[in-house]
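A.B. asks: Take this structure, written in structure tokens, and hold onto it; I'll ask about it next.
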Amino acid sequence: MPNDNRRINGPENTLSYRLFSNSNPHSNVQKKIKDIFKNNTRPSERNFSEQRKIFLKCGVVSQAKGSAYFEVDNTKVIVSVYDPREIPKKTDYSLKGELYCVFKFAPFSCPTRRGYQQDAEEKQNSAILKRALESAVCRHKFPNFQVDVYVLVLENDGSALSAAITAAGVALAQAGIPMYDTITAATLGVQGSHKIVDPNLEEETLCNVAVYKNEGEKKYESHGIIILSMLSTHEQVSELYQTGNLSLDTINAAINILSKATKEIVPLVEKCLVNHVTKNLKTDVED
Numbered sequence: 003m004p005n006d007n008r009r010i011n012g013p014e015n016t017l018s019y020r021l022f023s024n025s026n027p028h029s030n031v032q033k034k035i036k037d038i039f040k041n042n043t044r045p046s047e048r049n050f051s052e053q054r055k056i057f058l059k060c061g062v063v064s065q066a067k068g069s070a071y072f073e074v075d076n077t078k079v080i081v082s083v084y085d086p087r088e089i090p091k092k093t094d095y096s097l098k099g100e101l102y103c104v105f106k107f108a109p110f111s112c113p114t115r116r117g118y119q120q121d122a123e124e125k126q127n128s129a130i131l132k133r134a135l136e137s138a139v140c141r142h143k144f145p146n147f148q149v150d151v152y153v154l155v156l157e158n159d160g161s162a163l164s165a166a167i168t169a170a171g172v173a174l175a176q177a178g179i180p181m182y183d184t185i186t187a188a189t190l191g192v193q194g195s196h197k198i199v200d201p202n203l204e205e206e207t208l209c210n211v212a213v214y215k216n217e218g219e220k221k222y223e224s225h226g227i228i229i230l231s232m233l234s235t236h237e238q239v240s241e242l243y244q245t246g247n248l249s250l251d252t253i254n255a256a257i258n259i260l261s262k263a264t265k266e267i268v269p270l271v272e273k274c275l276v277n278h279v280t281k282n283l284k285t286d287v288e289d
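Next comes the structure, spelled out in structure tokens:
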């Protein structure tokens, strides 16, 4: 559906009005944060450093060269990778190939219905996805060609971008695209002294809210979201994205936590790819 250019659209990155509504029993955001993180436990009874259980499968889209389905609780992401093709509208010769990445929320994936065209958040996520994957792909192997990577979020319950990066790495490997290493990503939410690994949508929203340290002082608590993607074997950071107001010490501590979280996903990725290869070999032998 095309955008309505006759009226002024609101900002793309906003917070739900329900957080500040008088009808909300927890209209005070600071009180709501304390209630949710009461006794250092989360509503899902997970520890702050505990990730949700992951389901990962590749080869789910028959028309694509490579594909992957990533599900973590109510966050569901599907990624499709297609054969390299010549870079369109390119006059000069490129020694390195390119990645064309598209990140899109399905219209029904979020509490607020999304449009059919990419908005500013989706375009930004596409750029982050491209930067993360470029470090893992051997682009010199397909000069003057581009690989198309399409991400569709079927349901968003937080940490959708990190799920898309991990699933895209699996889809690229399954498609036979030359890569330096497997790539995994994780998300961390920060609200004050709380550092929350793999936050859901409600926790992500609360981590983006600025809260005063004291009512009399106009100083905010540390708050924001950090997404880290890493190449596991080389232990190299391929992308670091941060929002909110975070100190340098908080970011350093968050990187250590996220690096451990990304390493925990690596065995699952390797097992998924090995199972896919084993299944194909058995099929070839039977034929």
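Mind the numbering: the sequence shown is residues 3 to 289 in this note's numbering, read in order.
Each residue gets a CB set at the ideal place from its N, CA and C atoms; glycine is no exception.
On the criterion of 16 or more Cβ atoms from any shown chain inside 10 Å, does Ala1 qualify as buried, or is it exposed?
C.D. replies: Within the shown structure, residues of the chain are numbered from 3 to 289, placing residue 1 beyond reach of any answer.
A.B. asks: Between which two residues does the beta strand (DSSP E) harbouring Val62 extend?
C.D. replies: Along the sequence shown, read from residue 1 onward, the residue named residue 62 stands at position 60. Looking at the DSSP string, Val62 is not in any beta strand (DSSP E), and its letter there is neither H nor E.
A.B. asks: In angstroms, rounded to a whole number, what distance separates the CA positions of Tyr182 and Val213?
C.D. replies: Residue mapping note: residue 182 aligns to position 180 of the sequence shown, counting from 1. Residue mapping note: residue 213 aligns to position 211 of the sequence shown, counting from 1. Those two C-alpha atoms are separated by around 42 Å.
A.B. asks: Contact defined as beta carbons within less than 8 Å: I believe Gly226 pairs with Val192. What is the distance between those atoms, to the nearest angstrom?
C.D. replies: For this step, residue 226 is matched to residue 224 along the sequence shown. For this step, residue 192 is matched to residue 190 along the sequence shown. Their Cβ separation, rounded to whole angstroms, is 5 Å, which keeps Gly226 and Val192 in contact under 8 Å.
A.B. asks: Buried or exposed: which applies to Thr235, given that a residue is buried once 16 or more other Cβ atoms fall within 10 Å of its Cβ?
C.D. replies: Numbered from its first residue, the sequence shown carries residue 235 at position 233. When all chains shown are included, Thr235 counts as exposed.
A.B. asks: Among the residues of its own chain, which have a CB less than 7 Å from the CB of Gly61, if the five just before and after it don't count?
C.D. replies: Taking the sequence shown and counting its residues from 1, the one referred to as residue 61 is at position 59. For Gly61, where only same-chain residues beyond five positions count, the Cβ hits under 7 Å are Ser69, Gln176 and His278.
A.B. asks: Rounded to whole angstroms, what's the CA-CA distance from Cys140 to Tyr84? Just pull it up for me.
C.D. replies: Residue 140 sits at position 138 when you count from the first residue of the sequence shown. Residue 84 sits at position 82 when you count from the first residue of the sequence shown. Looking at the two C-alpha atoms, the distance is approximately 16 Å.
A.B. asks: Could you give the uninterrupted runs of the alpha helix (DSSP H) lying entirely in the segment 147-214, keeping only those of 4 residues or more?
C.D. replies: 162-176 and 203-209
A.B. asks: To the nearest angstrom, how far is it from the Cα of Gln65 to the Cα of Ala173?
C.D. replies: Counted from its first residue, the sequence shown places residue 65 at position 63. Counted from its first residue, the sequence shown places residue 173 at position 171. Gln65 and Ala173: Cα-Cα distance of roughly 13 Å.
A.B. asks: Look up Arg87 in the DSSP assignment and say whether it is helix, strand or coil.
C.D. replies: Residue 87 sits at position 85 when you count from the first residue of the sequence shown. If DSSP states are grouped into helix, strand and coil, Arg87 belongs with the strands.
A.B. asks: Buried or exposed for Tyr95, going by 16 or more other Cβ atoms inside 10 Å?
C.D. replies: For this step, residue 95 is matched to residue 93 along the sequence shown. Exposed.
A.B. asks: Quick check: what's the CA-CA separation for His28 versus Leu58?
C.D. replies: Position 26 of the sequence shown, counted from the first residue, corresponds to residue 28. Position 56 of the sequence shown, counted from the first residue, corresponds to residue 58. Confidence in His28 is poor, its pLDDT being 40 and thus under 50, which makes the residue's placement unreliable; the coordinate value appears in the next sentence. Distance between the alpha carbons of His28 and Leu58: 36 Å.
A.B. asks: Helix or strand or just coil, what does DSSP make of Gln244?
C.D. replies: Counted from its first residue, the sequence shown places residue 244 at position 242. Strand.
A.B. asks: Report yes if the CB atom of Lys78 is closer than 7 Å to the CB atom of Leu156, and no otherwise.
C.D. replies: Residue numbering aside, residue 78 sits at position 76 when the sequence shown is read from its first letter. Residue numbering aside, residue 156 sits at position 154 when the sequence shown is read from its first letter. For Lys78 and Leu156, yes; Cβs fall inside 7 Å.
A.B. asks: Could you compute how far the alpha carbon of Ile257 sits from the alpha carbon of Gln53?
C.D. replies: In the sequence shown, counting from the first residue as 1, residue 257 sits at position 255. In the sequence shown, counting from the first residue as 1, residue 53 sits at position 51. Near 16 Å, if we compare the C-alpha coordinates of Gln53 and Ile257.
A.B. asks: Under a Cβ-count criterion, where at least 16 other Cβ atoms within 10 Å of its own Cβ denotes burial, should Ser240 be classed as buried or exposed?
C.D. replies: Taking the sequence shown and counting its residues from 1, the one referred to as residue 240 is at position 238. Burial call: buried.
A.B. asks: Checking 7 Å against the spacing of the C-beta atoms, do Tyr243 and Ile229 come in under that value?
C.D. replies: Start at 1 with the first residue of the sequence shown, and residue 243 comes out as number 241. Start at 1 with the first residue of the sequence shown, and residue 229 comes out as number 227. A contact, by the Cβ cut-off of 7 Å.
A.B. asks: Helix, strand or coil: how does DSSP classify Thr264 here?
C.D. replies: Along the sequence shown, read from residue 1 onward, the residue named residue 264 stands at position 262. It is helical.
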